[in-house]
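S.K.: Encoded as structure tokens, here's the structure I'll be asking about.
2 protein chains.
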Amino acid sequence: MDARNNKPSELEIFREFLKRQGMRYTPERETIIKEIFSTHEHFDVDSLYISIRQKGLRVSKASIYRLIPLLIKANLIEEVFFENGQMHYEHIYGHEHHCHLRCQECKRIEEFSDKRVAQIEEDLQRRFNYKILRHKLEVIGLCSECQKKSNSS
Amino acid sequence: MDARNNKPSELEIFREFLKRQGMRYTPERETIIKEIFSTHEHFDVDSLYISIRQKGLRVSKASIYRLIPLLIKANLIEEVFFENGQMHYEHIYGHEHHCHLRCQECKRIEEFSDKRVAQIEEDLQRRFNYKILRHKLEVIGLCSECQKKSNSS
DNA sequence: AGGCTTATTGACATTGAATAACAATTTCTT
DNA sequence: AAGAAATTGTTATTCAATGTCAATAAGCCT
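So the sequence lines, in the order shown, correspond to chains V and U.
Take this note's numbering: the last position of the first sequence gets the number 687, and nothing is skipped along the way.
Take this note's numbering: the last position of the second sequence gets the number 687, and nothing is skipped along the way.
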């Protein structure tokens with residue numbers, strides 16, 4: 535448990551998850567998870583693999599690819615967007631949910647949250663009789679710098 | 535021009551677009567566009583290719599892959615989601631913008647629109663000084679049938 | 001603690017969507 | 001009608017993601 539707020543760590547959550555599924559806790563899985571949760575950055579398989587290698591650690595890409603669906607099932611990470619032929623992920627456990635405002639030109643990303651989305655979810659729940667699990671709101675636009683560039687050209 | 539509402543057709547829009555870009559209008563492009571806009575369904579490259587062939591027409595997949603970015607640039611279609619290793623698209627011109635509520639289990643899709651998203655966009659525009667171009671709101675949940683199934687198991 | 005079952009690993013091969021290369025063809029301007 | 005240049009289909013290529021499989025190791029049971 536985390537001493538400050540009594541909230542179990544990602545690793546603890548995941549070990550619990552593995553036990554429930556009759557799966558095993560391995561050093562490789564630990565390495566990958568620790569790397570993922572060491573920052574609050576988005577990641578893709580390739581960048582994750584590289585940063586693990588740069589720390590002098592060693593896991594195969596196959597193990598990363600095999601772990602990702604488990605982390606998603608355990609509600610620790612989620613897909614955020616698909617770009618340049620690769621899926622990108624971010625971790626969600628322990629972080630406020632947020633949406634993404636992305637610049638179409640320079641690819642920069644701003645994070646935001648808005649409680650109106652939760653209201654929309656409630657309405658959908660009633661209207662369609664769904665059990666809402668999550669949402670993904672992606673707003674695409676031009677940042678102020680890229681607006682200037684396109685105006686001057 | 536469409537006789538009823540005076541609105542140019544997708545083909546006209548696209549020919550205009552091609553001319554602006556110094557590009558050429560070809561029978562292959564016409565075939566693909568007509569097929570895309572003959573229904574209001576979502577599509578992916580493979581299903582599109584098949585339905586064109588089923589009509590006895592013939593274009594290469596390469597031409598489809600080459601056309602899609604142009605249609606996106608011309609604001610006629612957009613990516614909706616990536617699933618099963620394939621990008622899925624829908625056409626947007628001449629249709630009210632809508633968002634998607636998707637069942638995680640059975641993959642069924644409900645379409646909805648909510649004006650609160652436009653309000654969120656306005657706020658983002660001001661707050662981040664972005665020029666907002668579009669958004670993609672995907673809500674994922676369990677439809678009523680799939681809820682029943684998961685309860686009984 | 002040691003043994004046994006079976007999940008997991010890494011290496012390698014494979015799949016398949018998407019892109020690139022290129023010669024043959026076709027559009028479109030003049 | 002001719003010529004420059006874009007587009008086509010074919011073929012080859014890329015590369016993310018998945019499958020295969022023998023070797024290894026986790027974790028339960030006694």
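Beta carbons: idealized from backbone N, C-alpha and C, even for Gly.
1) Under 8 Å Cβ to Cβ from residue 638(U), same chain only, skipping five residues before and after it: list those, please.
2) Rounded to whole angstroms, what's the CA-CA distance from residue 616(V) to residue 614(U)? Just pull it up for me.
3) Shorter than 7 Å from the beta carbon of residue 536(V) to some beta carbon of chain U?
4) What are the boundary residues of the alpha helix (DSSP H) that residue 551(V) is part of?
5) Among the residues of its own chain, which have a CB less than 8 Å from the CB of residue 645(V), if the five just before and after it don't count?
6) Hey, could you find the ends of the beta strand (DSSP E) residue 614(V) is sitting in?
7) With a cut-off of 8 Å on the beta carbons, I'd call residue 623(V) and residue 578(V) a contact; round off their distance for me.
8) For the alpha helix (DSSP H) containing residue 646(U), list its first residue and its last residue.
9) Within the stretch 552–592 of chain V, note down every full alpha helix (DSSP H) run reaching 4 residues or more, in order along the chain.
10) Work out the CA separation of residue 629(U) and residue 672(V) for me, nearest whole Å.
11) Grab me the residues of residue 608(U)'s own chain with a C-beta within less than 8 Å of its C-beta, minus the 5 sequence neighbours each way, in chain order.
12) Under a Cβ-count criterion, where at least 16 other Cβ atoms within 10 Å of its own Cβ denotes burial, should residue 656(V) be classed as buried or exposed?
13) When you compare each of 556(U), 564(U), 572(U) and 603(U) to residue 592(U) by their alpha carbons, which one comes out closest?
14) Among 567(V), 597(V) and 618(V), which has the Cα closest to the Cα of residue 611(V)?
15) Please report the distance separating the alpha-carbon of residue 542(U) from that of residue 604(V).
16) Identify whether residue 639(V) lies in helix, strand or coil by the three-state DSSP scheme.
17) Less than 7 Å between CB atoms is the rule here; does residue 640(V) satisfy it with respect to chain U?
18) DSSP puts residue 633(U) in a beta bridge; with which residues?
M.R.: This is what the structure gives:
1) Translated into positions along the second sequence, residue 638(U) becomes position 104. Once the five neighbours on either side are set aside, the close Cβ partners of residue 638(U) are 674, 675, 676 and 680.
2) Residue 616(V) sits at position 82 when you count from the first residue of the first sequence. Residue 614(U) sits at position 80 when you count from the first residue of the second sequence. Cα to Cα, the separation comes out at about 11 Å.
3) Within the first sequence, the letter at position 2 stands for residue 536(V). With a pLDDT of only 47 at residue 536(V), under 50, the local geometry of the prediction cannot be trusted, and the value read off the model is given with reservation. Residue 536(V) does not count as touching chain U.
4) Locating residue 551(V) in the first sequence gives position 17, where the first residue counts as 1. The continuous alpha helix (DSSP H) containing residue 551(V) extends over residues 544–555.
5) Counted from its first residue, the first sequence places residue 645(V) at position 111. Closer than 8 Å at Cβ, skipping near neighbours: 632, 633, 634 and 635.
6) Here residue 614(V) refers to the residue found at position 80 of the first sequence. In the DSSP assignment, residue 614(V) falls within the beta strand (DSSP E) that extends over 611–617.
7) Residue mapping note: residue 623(V) aligns to position 89 of the first sequence, counting from 1. Residue mapping note: residue 578(V) aligns to position 44 of the first sequence, counting from 1. Between residue 578(V) and residue 623(V) the Cβ distance is about 7 Å, and since that is below 8 Å, they are a contact.
8) What you label residue 646(U) is simply residue 112 of the second sequence in a count that begins at 1. Here residue 646(U) belongs to no alpha helix (DSSP H); instead the beta strand (DSSP E) covers 643–646.
9) The stretch 552–592 of chain V contains these whole alpha helix (DSSP H) runs: 561–570 and 579–588.
10) Counting from one through the first sequence, the residue named residue 672(V) turns up at place 138. Counting from one through the second sequence, the residue named residue 629(U) turns up at place 95. Between residue 672(V) and residue 629(U), the C-alpha separation is close to 20 Å.
11) Counting from 1 along the second sequence, the entry for residue 608(U) is found at position 74. Within the same chain, residue 608(U) has close Cβ partners 547, 548 and 551.
12) As a working note, residue 656(V) is residue 122 in the first sequence. It counts as exposed.
13) On the second sequence, residue 592(U) is found 58 positions in, with the first residue counted as 1. The closest CA to that of residue 592(U), considering only 556(U), 564(U), 572(U) and 603(U), is found on 564(U).
14) Your numbering for residue 611(V) matches position 77 in the first sequence. It is 567(V) whose Cα lies nearest to the Cα of residue 611(V).
15) For this step, residue 542(U) is matched to residue 8 along the second sequence. For this step, residue 604(V) is matched to residue 70 along the first sequence. Cα atoms of residue 542(U) and residue 604(V): separation of roughly 49 Å, rounded to the nearest angstrom.
16) Here residue 639(V) refers to the residue found at position 105 of the first sequence. Three-state DSSP puts residue 639(V) in coil, outside helix and strand.
17) Residue mapping note: residue 640(V) aligns to position 106 of the first sequence, counting from 1. Chain U has no Cβ within less than 7 Å of the Cβ of residue 640(V).
18) Here residue 633(U) refers to the residue found at position 99 of the second sequence. In the DSSP assignment, the residues bridged to residue 633(U) are 646(U).
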